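Chemist: For the sequence shown, the residue numbers in my numbering are 268 to 562. The beta carbon of each residue, even a glycine, is placed where N, CA and C say it ideally should be. Just so you know, these numbers come straight off a predicted model, no measurement behind them.
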Amino acid sequence: MLPVADFSLHAPRSLEEAAATLARYEGEARPIAGGTALVLMIRQGLIAPPAVVRLDRVPNLATIAVEDGWLRLGALATLRAVGESPLVRQHLPLLAGACTLVGNVRVRNAATIGGNLCEADYASDPPGVLVALDARVRVVGQAGAREVAVADLIQDFYETSLAPDELVAEVRVPLPAAGTRGAYLKYVTRSSEDRPCVGATGLVRLDASGAIADLRVAIGAVAGQPLRLPAVEAQARGQQPTDELFAALGEQYAAAVDPVGDARGSATYRKRMVGVFVRRALREALSGTPGARKV
Ligand SMILES: Cc1cc2nc3c(=O)[nH]c(=O)nc-3n(C[C@H](O)[C@H](O)[C@H](O)COP(=O)(O)OP(=O)(O)OC[C@H]3O[C@@H](n4cnc5c(N)ncnc54)[C@H](O)[C@@H]3O)c2cc1C
């Protein structure tokens, strides 16, 4: 028999009211967005919050807009809305593509970009892509609003840096410089599996001479946080974008990663695949094929 969930349901009309409600429960209450993760956790008896704070009555939390060089995604924008948005497809096809690869259409219809980040499940697609894009989140709590990099929001497996009274209100993504090419490869090891074994994002921009002006790599789904190695990225600048260089960068990412082992792949296997998929993501980015694909 499924455990009976018994909790108070709150429906605040503003972020301030939501933060105040969360504060009253001193870290025991949970916000709910699409519910695709939270409801499962409650029904499986993994958590039993005394209160659930729904966010869907807070106005303007699902906005998708481009302003002053930034893409702004309201925390309640669903992964389907992000994936299908003409604005996101035009400005950040990589992110749109990664969102359309999440789970299935029923999940994407309900799951939100804010919920995806705040769940901090390592086996997710959007977090690694957002870390590669230097995305930030606007966080609102009782003390006011602050901005934090997605790389600092996700601390570890299912752990964020949010205080008990804080909510993610918006995801903000700087639009990459003109000429930036990107690719996201979602490596799935089992035919019945939605979630990635390795998610590799590569971004490359060349200068007028054909040398690398900017290169970024983030690896998701292998450890508690998406992995980025700024010192390794910096080595690539000024170099020619050869397959040998991409393979060498992949080896450095593979050496640095401390992967988890699970049903999708052992830690040893994942380490090797990190090397392979860094090289492939950079090669695909360079080839100019925009967006994301499952492999
Ligand atoms: C069948 C299935 C397949 C899936 N496949 C994939 C996949 O391939 N790739 C992938 O990336 N993910 C996958 N997922 C995970 C899915 O993307 C997440 O469950 C979803 O994104 C969570 O968003 P939500 O809005 O439903 O969050 P909820 O379930 O509502 O919340 C998740 C957590 O975040 C907190 N939270 C929610 N919103 C906020 C906020 N604004 N501020 C602070 N805290 C908040 C909640 O309290 C809760 O702890 C899959 C899920 C299912 C069920």
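Looking at C-alpha atoms only, which residue of 470, 543, 458 is the closest neighbour of residue 485?
Modeler: Taking the first residue of the sequence shown as 1, we reach residue 485 at position 218. Nearest option by C-alpha distance: 470.
Chemist: Report yes or no: do three or more beta-carbon pairs, one from the region 443–452 and one from the region 418–433, lie closer than 8 Å?
Modeler: No, they do not touch.
Chemist: Can you check which of these residues, 490, 278, 530, is closest to residue 325 by C-alpha distance?
Modeler: As a first step, residue 325 is located in the sequence shown; it is residue number 58 there, counting from the start. Here the closest residue by C-alpha is 278.
Chemist: Report buried or exposed for residue 544, applying the criterion of at least 16 other Cβ atoms within 10 angstroms of its Cβ.
Modeler: Taking the first residue of the sequence shown as 1, we reach residue 544 at position 277. So residue 544 ends up on the buried side.
Chemist: Looking at residue 399: is its Cβ nearer than 8 Å to the Cβ of residue 483?
Modeler: Taking the first residue of the sequence shown as 1, we reach residue 399 at position 132. Taking the first residue of the sequence shown as 1, we reach residue 483 at position 216. Yes; because the gap between Cβ atoms is below 8 Å, this pair is in contact.
Chemist: Just tell me which of 320, 287, 294, 307 has its CA closest to the CA of residue 300.
Modeler: Numbered from 1 along the sequence shown, position 33 holds the residue referred to as residue 300. Comparing Cα-Cα distances from residue 300 to each of 320, 287, 294, 307, the minimum goes to 320.
Chemist: Can you determine whether any heavy atom of ligand 1 sits closer than 7 Å to the C-beta of residue 386, and answer yes or no?
Modeler: Within the sequence shown, numbered from 1, the residue matching residue 386 stands at position 119. Yes, ligand 1 has a heavy atom inside 7 Å of this Cβ.
Chemist: Identify every residue that forms a DSSP beta bridge with residue 435.
Modeler: Translated into the one-based positions of the sequence shown, residue 435 becomes position 168. 406.
Chemist: How would you label residue 307, buried or exposed, when you count the other beta carbons within 10 angstroms and need 16 or more for buried?
Modeler: Residue numbering aside, residue 307 sits at position 40 when the sequence shown is read from its first letter. Label assigned to residue 307: exposed.
Chemist: Using the C-alpha atoms, what's the distance from residue 403 back to residue 316?
Modeler: Position 49 of the sequence shown, counted from the first residue, corresponds to residue 316. Position 136 of the sequence shown, counted from the first residue, corresponds to residue 403. If you take the alpha carbons of residue 316 and residue 403, they lie about 28 Å apart.
Chemist: Between residue 411 and residue 437, what straight-line distance do the alpha-carbon atoms span, to the nearest angstrom?
Modeler: As a working note, residue 411 is residue 144 in the sequence shown. As a working note, residue 437 is residue 170 in the sequence shown. So the two alpha carbons sit approximately 14 Å from each other.
Chemist: In terms of residues, what are the limits of the alpha helix (DSSP H) holding residue 356?
Modeler: To locate residue 356, count along the sequence shown from 1; it is residue 89. Counting along the chain, the alpha helix (DSSP H) containing residue 356 begins and ends at 353–358.
Chemist: Could you give the C-beta distance for residue 450 and residue 465, rounded to a whole number, given that I count them as a contact under 8 Å?
Modeler: Walking along the sequence shown from the start, residue 450 turns up at place 183. Walking along the sequence shown from the start, residue 465 turns up at place 198. Actually they are not in contact, since the Cβ atoms of residue 450 and residue 465 sit about 14 Å apart, beyond 8 Å.
Chemist: Do the region 406–422 and the region 351–363 meet, that is, are 3 or more Cβ pairs less than 8 Å apart?
Modeler: These segments do not touch.
Chemist: Shortest alpha-carbon distance to residue 493 belongs to which of 389, 539, 562?
Modeler: Here residue 493 refers to the residue found at position 226 of the sequence shown. That would be 389, whose Cα lies nearest to the Cα of residue 493.
Chemist: Since residue 533 sits in a beta bridge, which residues does DSSP pair it with?
Modeler: As a working mapping, residue 533 is identified with position 266 in the sequence shown. Answer is none; residue 533 lacks a bridge partner.
Chemist: Going by alpha carbons, who is nearest to residue 280 out of 305, 291, 322, 314?
Modeler: Here residue 280 refers to the residue found at position 13 of the sequence shown. Among 305, 291, 322, 314, the Cα nearest to that of residue 280 belongs to 322.
Chemist: Within its chain, find whatever has a CB closer than 8 Å to the CB of residue 275; leave out the 5 residues flanking it on each side and keep chain order.
Modeler: As a working mapping, residue 275 is identified with position 8 in the sequence shown. Answer for residue 275: 317, 318, 319, listed in chain order.
Chemist: If we call anything under 8 Å between Cβ atoms a contact, is residue 523 one with residue 409?
Modeler: Translated into the one-based positions of the sequence shown, residue 523 becomes position 256. Translated into the one-based positions of the sequence shown, residue 409 becomes position 142. Contact flag unset, no.
Chemist: For residue 305, which residues from the same chain have a beta carbon less than 7 Å from its beta carbon, with the 5 sequence-adjacent residues on both sides left out?
Modeler: In the sequence shown, residue 305 corresponds to position 38, counting from 1. 297, 299.
Chemist: Give me the residue from 337, 499, 407, 521 with the minimum Cα distance to residue 284.
Modeler: Mapped onto the sequence shown, residue 284 falls at position 17. Of the candidates 337, 499, 407, 521, the one whose C-alpha sits nearest the C-alpha of residue 284 is 407.
Chemist: What's the C-alpha gap between residue 463 and residue 559?
Modeler: Residue numbering aside, residue 463 sits at position 196 when the sequence shown is read from its first letter. Residue numbering aside, residue 559 sits at position 292 when the sequence shown is read from its first letter. Taking the straight line from one Cα to the other gives about 13 Å.
Chemist: Take residue 214 and list the residues in its own chain whose beta-carbon comes closer than 8 Å to its own, dropping the five residues that flank it on each side.
Modeler: Residue 214 lies beyond the residue range present for the chain, which begins at 268 and ends at 562; the question has no answer from this structure.
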